[in-house]
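Asker:
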Amino acid sequence: MRKHSIAVENARITRITRITRCASIVAALGVASIASAGLPPLEQLCSVEYAGPVNLDDVATIVRTAPDGTIVIAGESTQSGSDRDIMVAKFTVGGALLWIRTWDSPSGGNDYTGGMAIADDGSICVAGYFYGGTPSTTMVVVRYDADGDLLWATPYAIGNASDWHNQFYSVAVDSIGDVYACGSAGQWSGGGNAAIVKFDGVTGAYLWQSTFNGPANLHDQGNFVVVGSDDSVAMVGSVKMNASATGVGIWKLFSNGGTAWSSYFNYSAATWSETAAAAALGPDDKIVFAGWVTSPQGSEQPIVVRYHWQGGQDTTTLLQTSGQNRFNSVVVDDAGNTYVTGAISAVTGLDIITLKVHTSPGGMLWQRTFTEQIIAPDSGLSVDVDKYGRVVVAGSSWHLTQGQGGPQTVSGIRLLGYDPYDGASRFESFVTAPSGGWMAKACALPAGGVIVCGTTYPNLQMDAWFGAWAESVDCDHNGVIDVIELMDGSLTDANEDGVPDECAAFGDLDGNGIVDGEDLGALLGSWGACSGCPADLNGDGVVDGDDLGTLLGNWG
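Every position in the sequence shown, counted from 1, becomes a number in my numbering once 105 is added.
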């Protein structure tokens, strides 16, 4: 990123009301974690609730991890009176507060977060909008450095009349730090156009804008923005195809704002509608969006679509099912593998579905569904991959409590982990947020595990909340799980195979906290000259009797 001397302003520092960790979680907050038999349990690393000074409306809508491994949440907070401010907060993986910042619009009206992006230097951009004054709503991008110092905040309006809305829903940062935000702008009565605006990354100054009007001249909007390896940009959103049908719009722009190409995705006849619930960009710069198509009769079928960066549709993957079925989230890993999650109709109501989609032909490589044997709506809401490529899913779910006292069923959050290669289950846990809370978004912990953010409802107020979970593997048996030690540097993983080097040295070659027959088989399978192999426990370039003795000496 370009470096300039700029004035720095500190926003207000607000307060945390509750931070609870590990064993005290259930007693203090009522946060339960239940794992299925035969799968590793998840240990809760932290559960944090935040209430602003007036204990009114505080919500967390987005969660990400920063390059340094810390957790960043964004949303809104009521700092005084009754109006909401844009809120950003950073925490350690253990839940310790590093800083909280809020931004209040000059209008004094409600301010809303639409999207958040974290740059390679750790700076944080939040895009959204605020009410009050003229026009009715105004776009805004706020940028903080990694330490929470305000770098700049730029309000912007495409239309300034009193009946105009100007709103950002997504934000992205290019390789030199410049910022793109997309959303919608137009008159409330006339719908609006999809809009994208570019800002200088250092000063926040407006650089250019582009707007797009769909075929029906009604309401169109940009919901997701992604930046390619060449620093050109693409926007994915919704367009009205006619008075009754909505399609997906894809717009590709050069870094100077010129339009490279645009396309409308309409799966079937003009009476069908298409919805893009999420979008991502692969390492090959292919644009991927996931969502569903809706028939004239109201049935929904989940769909994944890819577009080439230079234009033209690549692949379409459609699950032809009956009932209400949706893909809600998509992620593409560094190898170009695409994973989606959502909900699929079943005899038990709705089940969480997760798919791995083939990179080239677009077919399914594996499909997994999850439900308990109760008729209830379960839905995958977020899918992500950790730095080892392992898949994590979080979603809304119901749990059968019969025989455990209390109500027969309880609603909460389902956490699922899958092996990326064959979809084998790695973990499954049901958790409940404090005070009847609900989930908004989730992301993977880089070293393994999952973070969920949302909102809780203590004493009829809304508090921002997030919780973090990881597999409770402690291969060196020091009382601290491996994920924490990998993130704080106490353990290392030089070959990035997901197993701490120090644990492999004990003979725990698969890093599951136990030296057993699986590890013995791995060692014997590597017998002989094998420089750099994990099974070469003493590092002499040969897997031999000395290594076998070390493994057997640490058995159990």
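Glycine is no exception: its CB is placed at the ideal position from the N, C-alpha and C atoms.
Excluding the 5 residues preceding and the 5 following residue 164 in the sequence, name in chain order all residues of the same chain whose CB lies nearer than 7 Å to its CB.
Answerer: Cβ neighbours of residue 164 beyond the five flanking positions: 180, 181, 560, 567 and 569.
Asker: For residue 452, is the classification buried or exposed, using 16 other Cβ atoms within 10 angstroms of its Cβ as the cut-off for buried?
Answerer: Exposed: under 16 other Cβ atoms inside 10 Å.
Asker: Could you pull the start and end residues of the beta strand (DSSP E) that residue 638 belongs to?
Answerer: Segment: none, residue 638 is in no beta strand (DSSP E) and carries neither H nor E.
Asker: Hey, which unbroken runs of the beta strand (DSSP E) at 3 residues or more fall wholly within the segment 291–328?
Answerer: You should have 298–304 and 311–317.
Asker: Exposed or buried, what is residue 485 when buried is set at 16 or more other beta-carbons lying within 10 Å of its beta-carbon?
Answerer: Flag for residue 485 reads buried.
Asker: Give me the Cα-Cα distance between residue 644 and residue 625, rounded to the nearest whole angstrom.
Answerer: If you take the alpha carbons of residue 644 and residue 625, they lie about 17 Å apart.
Asker: Under a three-way DSSP split, which group does residue 645 fall into?
Answerer: Here residue 645 sits in coil by DSSP.
Asker: Go through its chain and collect everything with a Cβ distance to residue 367's Cβ below 8 Å, but skip five positions before and after it.
Answerer: Contacts found: 317, 354, 355, 356 and 357.
Asker: State the Cα-Cα distance for the pair residue 282 and residue 422, rounded to the nearest angstrom.
Answerer: Cα to Cα, residue 282 sits roughly 34 Å from residue 422.
Asker: Please name the residue in 555, 261, 338 and 543 whose C-alpha comes closest to that of residue 198.
Answerer: Among 555, 261, 338 and 543, the Cα nearest to that of residue 198 belongs to 555.
Asker: Taking all protein chains shown into account, decide if residue 298 is buried (16 or more other Cβ within 10 angstroms of its Cβ) or exposed.
Answerer: Result: buried.
Asker: Can you check whether the CB of residue 166 is closer than 8 Å to the CB of residue 550?
Answerer: No. Outside cutoff.
Asker: Would you call the segment 223–230 in contact with the segment 263–273, where contact means no fewer than 3 C-beta pairs closer than 8 Å?
Answerer: Taking 8 Å as the limit for Cβ pairs, the verdict is that the segment 263–273 does not touch the segment 223–230.
Asker: Which same chain residues end up closer than 6 Å to residue 604 when comparing Cβ atoms and leaving out the 5 residues on each side of it in sequence?
Answerer: The residues are 616.
Asker: Mapping DSSP to helix, strand and coil, what is residue 659?
Answerer: Coil.
Asker: For residue 651, name the three-state secondary structure that DSSP assigns.
Answerer: Helix at residue 651.
Asker: Comparing alpha-carbon positions, which option in 411, 543, 158 and 155 lies nearest residue 466?
Answerer: Nearest of 411, 543, 158 and 155 to residue 466, Cα basis: 411.
Asker: What are the uninterrupted segments assigned as beta strand (DSSP E) that are 3 or more residues long and contained completely in the segment 554–633, given in chain order?
Answerer: Within the segment 554–633, the complete beta strand (DSSP E) runs of at least 3 residues are 555–561 and 568–576.
Asker: Is the segment 466–485 close to the segment 584–600, with three or more CB pairs under 8 Å?
Answerer: Short answer: they don't touch.
Asker: Take residue 670 as the anchor and find which of 534, 578 and 322 has the nearest alpha-carbon.
Answerer: In this structure the chain extends from 106 to 661, so residue 670 is not present and cannot be described.
Asker: Using CA atoms only, rank isn't needed, just tell me which of 425, 415, 396 and 416 is closest to residue 445.
Answerer: Taking only the C-alpha atoms, the option nearest residue 445 is 396.
Asker: On the criterion of 16 or more Cβ atoms from any shown chain inside 10 Å, does residue 196 qualify as buried, or is it exposed?
Answerer: The residue in question, residue 196, is buried, as its Cβ has 16 or more Cβ neighbours within 10 Å.
Asker: Could you check which residue in 619, 144, 217 and 602 has the C-alpha nearest to that of residue 637?
Answerer: Looking at the Cα atoms, 602 is the closest of the given residues.
Asker: Along the chain, which unbroken stretches of the beta strand (DSSP E) at least 3 residues long are found entirely within the segment 148–177?
Answerer: Segments of the beta strand (DSSP E) lying fully in the segment 148–177: 163–170.
Asker: Could you check if residue 388 is buried or exposed, using at least 16 other CB atoms within 10 Å of its CB as the buried criterion?
Answerer: Exposed, by the Cβ-count rule.
Asker: From residue 65 to residue 193, what distance separates their C-alpha atoms?
Answerer: Nothing can be reported for residue 65: it is not among the residues displayed for the chain, which extend from 106 to 661.
Asker: Which partner residues of residue 195 appear in the DSSP bridge assignment?
Answerer: BP columns for residue 195 point to 177 and 204.
Asker: What's the C-alpha gap between residue 463 and residue 532?
Answerer: Residue 463 and residue 532: Cα-Cα distance of roughly 23 Å.
Asker: Could you check the C-alpha separation between residue 393 and residue 240 for me, to the nearest Å?
Answerer: Answer to the nearest angstrom: the Cα atoms are 34 Å apart.
Asker: Less than 8 Å between the CB atoms is what I'm expecting for residue 454 and residue 480, so what's the real figure, rounded?
Answerer: Indeed they touch by this definition, with Cβ atoms about 5 Å apart.
Asker: Residue 223 bridges to which residues according to DSSP?
Answerer: The partner list for residue 223 (beta bridge, DSSP) reads 229.
Asker: Assuming residue 520 and residue 574 form a contact by the criterion Cβ under 8 Å, report the distance between their Cβ atoms to the nearest whole angstrom.
Answerer: With 8 Å as the limit, residue 520 and residue 574 qualify as a contact, their Cβ atoms being about 6 Å apart.
Asker: Just how far apart, CA to CA, sit residue 128 and residue 253?
Answerer: Bear in mind that the predicted position of residue 128 carries a pLDDT of just 30, short of 50, making it unreliable; the figure below should be weighed with that in mind. Spanning the two alpha carbons is a distance of roughly 31 Å.
Asker: My assumption, with CB atoms under 8 Å, is that residue 189 sits in contact with residue 216. Please give the rounded CB distance.
Answerer: With a Cβ gap of about 6 Å, residue 189 and residue 216 count as contacting.
Asker: So, under 8 Å CB-CB, residue 275 and residue 231 are touching, yes? Tell me the CB distance rounded to an integer number of Å.
Answerer: About 11 Å; that fails the 8 Å criterion.
Asker: Bridge partners for residue 407 per DSSP, in chain order?
Answerer: 397.
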